[in-house]
Amino acid sequence: MLYNTLASQEQVTATPSSQDGVEDVLEQQIRAQGCQLIQQAGILLNLPQRTMATAQVLFHRFWYVSSLTRFSARDIAMGALYLSTKLQETRTGLRRFLNAFHFALCKQEHSASQRHIDASNASLTPVDVKAASFASSIFPYRPLTDGGQRMYDLKNALVVAEMQILKRLGFNVHVILPYALLANYLQVLGLTDSLITVSNGLPPSTLVNQPDCHRTAAQNEESEDHGSKTCSLAQRAWSCLNDALQTPIYSLFPPHIIACAAIHLAARLTMPVRQLPMSPRPWWTLFDATEAEILTVCAHLMWHYRSSSGDMAAQSQNVVPFLNRHLLLRHIELKPKAT
Numbered sequence: 025m026l027y028n029t030l031a032s033q034e035q036v037t038a039t040p041s042s043q044d045g046v047e048d049v050l051e052q053q054i055r056a057q058g059c060q061l062i063q064q065a066g067i068l069l070n071l072p073q074r075t076m077a078t079a080q081v082l083f084h085r086f087w088y089v090s091s092l093t094r095f096s097a098r099d100i101a102m103g104a105l106y107l108s109t110k111l112q113e114t115r116t117g118l119r120r121f122l123n124a125f126h127f128a129l130c131k132q133e134h135s136a137s138q139r140h141i142d143a144s145n146a147s148l149t150p151v152d153v154k155a156a157s158f159a160s161s162i163f164p165y166r167p168l169t170d171g172g173q174r175m176y177d178l179k180n181a182l183v184v185a186e187m188q189i190l191k192r193l194g195f196n197v198h199v200i201l202p203y204a205l206l207a208n209y210l211q212v213l214g215l216t217d218s219l220i221t222v223s224n225g226l227p228p229s230t231l232v233n234q235p236d237c238h239r240t241a242a243q244n245e246e247s248e249d250h251g252s253k254t255c256s257l258a259q260r261a262w263s264c265l266n267d268a269l270q271t272p273i274y275s276l277f278p279p280h281i282i283a284c285a286a287i288h289l290a291a292r293l294t295m296p297v298r299q300l301p302m303s304p305r306p307w308w309t310l311f312d313a314t315e316a317e318i319l320t321v322c323a324h325l326m327w328h329y330r331s332s333s334g335d336m337a338a339q340s341q342n343v344v345p346f347l348n349r350h351l352l353l354r355h356i357e358l359k360p361k362a363t
C-alpha cells in the first residue's frame, strides 16, 4: 500500500497560521478559495485533472509547515500549479501560464465583489436590482502586457513560491491520488454501472443538500437546480474526490481511506440510500479501512458542502482578499482582542 506524506497530530491541532492569529474556519475558507483558484486556472490551461489535483494537495501540505501570514495564498496556489505541471509532465509555456492564472485571479476577485454588491442590493426594487446586477456582471479584464511590471511581478512571485514549496516540503512532493483505487474498489464491489438518484432535497439522514452529480460544489453555486439527478454511483464518488481537494483530507488520510469514504458518501446520498455489503464482514475491511476513518473523512466533506451551500455562503465573509497576506494581516490587526 502506497502512502502520501501526512500531517502530524501537532501540525493539525496547531497550524502555523493559527499560531499567528488566523481563525481555524477562516484558514479552511482561504485554503478552499486557493484550491478553487488552482482549479479555475487549470481549466483555462486545459490541464488534466491529475495535474490540478496534485497542485491542490501540495497547496494544502504547504500550510502545515508555513503560515498564511508569511506567504500569500494566491502566490502559493500559482507556484503549486506550476510545480504540478512539471511533476505530472504537463508543462505549459510560462507566459501562457501567467496570463491564465492572472485571468482566473481577476475573475475570482470580480465574482466576489459582485456577490457583495448583490447582497447590498437586497433592499432595492426588482427593476433596480436587475439593472445593478447587469452592470456589476460586466467583467472589466485588463490583460497582462508583455514586459510590463505586472507580468514581471507575477513571474517573480511564481519563482519564489515554487522555491518555497520545494524548500519547506523538503522536496518531498510525491503525491498519490485515490482515483485509480476508487475505480478498482467500485469494480470489486460491482458498482461501476450502478445508477443512483441524487436530489437537492435529500432525506435527513444525509444531513445536507447536495450538488449536481457531474460538477463540484463550487460550480453548482452558480446553478439553480431544484430537481433530482440520475447518474452512476461511480460518477458521484468521483465528484466527492474532486470536492475533497478543497479540504485538508488528502493531507490527513491515505488514498485508500479517501476512496472508501467517497464510495460510502456517494451511497448515502442516493434516494433511497444504497446499501453496501455488510456481511459476513463490512465491505471496508476488504480495503484495510475502518468505519471511524471513513466517517471522519465524510465529516470533513459534509462541512465543506455546508459551507458551500447558498445560505451559509451568503452569511460567510468574503475571503478572496485574504489570498493576499497583507490584507489578511490587516484583518488580524483590526480583529477585536480577546479579554
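Going letter by letter, the sequence shown gives residues 25 to 363 in the numbering used here.
Glycine included, C-beta positions come from ideal geometry on N, C-alpha and C.
Quiz item: Going by Cα to Cα distance, which pick from Y209, T309, E186, F127 is closest to R174?
Solution: Answer by Cα proximity: F127.
Quiz item: Taking the alpha helix (DSSP H) that K359 falls in, what are its first and last residues?
Solution: If you look at K359, you'll find it isn't in any alpha helix (DSSP H); DSSP assigns it neither H nor E.
Quiz item: Going along the chain, which residues of its own chain have a beta-carbon closer than 7 Å to the beta-carbon of F121, five neighbours each way excluded?
Solution: Same-chain partners within the cutoff: L69, Y106.
Exercise. Identify, in the order they occur along the chain, each residue of the same chain with its Cβ nearer than 8 Å to the Cβ of R192, setting aside the five sequence neighbours on each side.
Key: Setting aside the 5 residues that flank it on each side, R192 is surrounded in the same chain by F86, V89, S90, each with a C-beta closer than 8 Å to its C-beta; the list follows chain order.
Quiz item: Any idea if E357 is buried or exposed, counting beta-carbon neighbours within 10 angstroms, 16 or more meaning buried?
Solution: With fewer than 16 Cβ atoms within 10 Å of its Cβ, E357 is classed as exposed.
Self-check item: Under the three-state DSSP convention, the category S91 falls into
Solution: Correct three-state label for S91: coil.
Exercise. Using beta-carbon positions only, say whether N28 and I200 come within less than 7 Å of one another.
Key: Less than 7 Å separates the beta-carbon of N28 from that of I200.
Practice problem: Kindly indicate the opening and closing residues of the alpha helix (DSSP H) around N180. | Solution: Taken as a continuous stretch (DSSP letters only), the alpha helix (DSSP H) holding N180 covers 173–192.
Quiz item: How many whole angstroms separate the CB atoms of G17 and L182, which I take to be in contact at a CB cut-off of 8 Å?
Solution: Because the chain in this structure spans residues 25 to 363, residue 17 falls outside the shown range and cannot be described.
Quiz item: Using DSSP with H/G/I as helix, E/B as strand and the rest coil, what is S275?
Solution: The answer is helix: DSSP assigns S275 an H, G or I state.
Quiz item: With 16 as the cutoff for other CB atoms within 10 Å, does Q33 come out buried or exposed?
Solution: Burial call: exposed.
Quiz item: What residue from N196, A124, M326 has the CA that sits closest to P272's CA?
Solution: It is M326.
Quiz prompt | Spatial distance of H355 from E51 (CA atoms) | solution = Roughly 13 Å between the two C-alpha positions.
Quiz item: With contact counted as at least three CB pairs below 8 Å, one residue from each stretch, are the region 54–64 and the region 76–83 in contact?
Solution: With the cut-off at 8 Å, the region 54–64 and the region 76–83 touch.
Quiz item: Given 8 Å as the limit, is there contact between the region 284–294 and the region 310–321, that is, 3 or more CB pairs closer than that?
Solution: Counting Cβ pairs under 8 Å, three or more are found: they touch.
Quiz item: Is A261 near L213, with beta carbons less than 7 Å apart?
Solution: Cβ atoms of A261 and L213: not closer than 7 Å.
Self-check item: Reduced DSSP secondary structure (H/G/I, E/B, other) of S135
Solution: Here S135 carries a helix assignment [DSSP, helix/strand/coil].
Quiz item: Going by other Cβ atoms of all chains shown within 10 Å of its Cβ, with 16 needed for buried, is F95 buried or exposed?
Solution: The residue in question, F95, is buried, as its Cβ has 16 or more Cβ neighbours within 10 Å.
Quiz item: How would you label E113, buried or exposed, when you count the other beta carbons within 10 angstroms and need 16 or more for buried?
Solution: Classification for E113: exposed.
Exercise. Identify which residue in K179, S135, S108 has its Cα closest to the Cα of N123.
Key: The candidate whose alpha carbon is nearest that of N123 is K179.
Self-check item: Inter-residue Cα distance where the pair is S303 and F311
Solution: In a straight line, the C-alpha of S303 is about 15 Å away from that of F311.
Quiz prompt | Neighbour-count burial assignment, H198, 16 or more Cβ in a 10 Å radius | solution = Exposed, because fewer than 16 other Cβ atoms sit within 10 Å of the Cβ of H198.
Quiz item: According to DSSP, is T114 helix, strand or coil?
Solution: When DSSP states are grouped into helix, strand and coil, T114 belongs to the coil group.
Quiz item: Just how far apart, CA to CA, sit Q35 and L129?
Solution: Linking Q35 to L129 through their CA atoms gives a straight-line distance of about 29 Å.
Self-check item: Cα-Cα separation between L111 and W308, rounded to whole angstroms
Solution: Answer to the nearest angstrom: the Cα atoms are 31 Å apart.
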